[in-house]
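**Q**
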Amino acid sequence: MIIERWIIAGAIVLCILLIWKFVPKERAREAWVPFLSMSSVTWAAGLFVVERGWIYYPVQLFGKENQVNESSFTFEFFLFPVLAILFSLYYPSSKKIHSKWLYAIVFSGVFTIAEVILEKYTDSVEYDEWKWYWTFFSVMLILMVNHQYVMWFKKGLKGENHA
1 MIIERWIIAG AIVLCILLIW KFVPKERARE AWVPFLSMSS VTWAAGLFVV
51 ERGWIYYPVQ LFGKENQVNE SSFTFEFFLF PVLAILFSLY YPSSKKIHSK
101 WLYAIVFSGV FTIAEVILEK YTDSVEYDEW KWYWTFFSVM LILMVNHQYV
151 MWFKKGLKGE NHA
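In our numbering, the protein residues as written are 1 to 163.
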């Protein structure tokens, strides 16, 4: 169980380092939109899959404090939202459609591979009725939908004067 705690701590440190390294200071405010919108989506989705018994998180960041909500706080409020920030900030908007799909596939694939490794070799996450390809497709779909929301949000701000 100690290795899982180190994995959780490492994931949080990794998220902080990714934000520090890949979010330019001039785009820091812009990064809040995908972070907050993704946090709200993953909170609801995470509760749903855990309550259905499809995924189980034996080791939690807040074990005793989180007995009612057994979803993964680290995944839903750090990992996935930070992934959404990077996805939206570096999305290849000016590229052709196949480049955009490849971008989404790579992001989802890396995330899915990491989760499968954690599921197989640690007690960080356990699949019950869940399959790896559900992670892959749901991550890709949610990232794409979240990015569309971010673009819609930014479009509404362009015409306003922000002093």
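By construction, the Cβ of each residue, glycine as well, lies at the ideal position given by its N, Cα and C atoms.
Note that the coordinates shown come from a computational prediction; the quantities given were computed from them, not determined experimentally.
Here's the rule: buried if 16 or more other CB atoms are within 10 angstroms of the residue's CB, otherwise exposed. What is isoleucine 8?
**A** Classification of isoleucine 8: buried, given that the 10 Å Cβ count is 16 or more.
**Q** Taking the alpha-carbon of tyrosine 103 as reference, which of Ser88, Ala114, Val116 and Ile117 has the nearest alpha-carbon?
**A** Closest by alpha carbon: Ser88.
**Q** Measure the CB-CB distance between asparagine 146 and alanine 84 and report whether it falls below 7 angstroms.
**A** The answer is yes: Cβ separation under 7 angstroms.
**Q** So phenylalanine 80 and threonine 42 are supposed to be a Cβ contact under 8 angstroms. How far apart are they, rounded?
**A** Right, the Cβ-Cβ distance comes to about 5 angstroms (below 8 angstroms), so this counts as a contact.
**Q** When the Cα of isoleucine 97 is compared with those of Ile19, Glu51 and Met144, which residue comes out closest?
**A** The shortest Cα separation from isoleucine 97 among Ile19, Glu51 and Met144 belongs to Met144.
**Q** My output table needs one value for tyrosine 133: the three-state DSSP class, helix, strand or coil.
**A** In this structure, tyrosine 133 counts as helix in the three-state DSSP scheme.
**Q** For glycine 53, is the classification buried or exposed, using 16 other Cβ atoms within 10 angstroms of its Cβ as the cut-off for buried?
**A** With fewer than 16 other Cβ atoms within 10 Å, it is exposed.
**Q** Excluding five sequence neighbours on each side, which residues of the same chain lie with their C-beta closer than 7 angstroms to the C-beta of methionine 38?
**A** These residues qualify, in order along the chain: Phe80, Pro81, Ala84 and Asn146.
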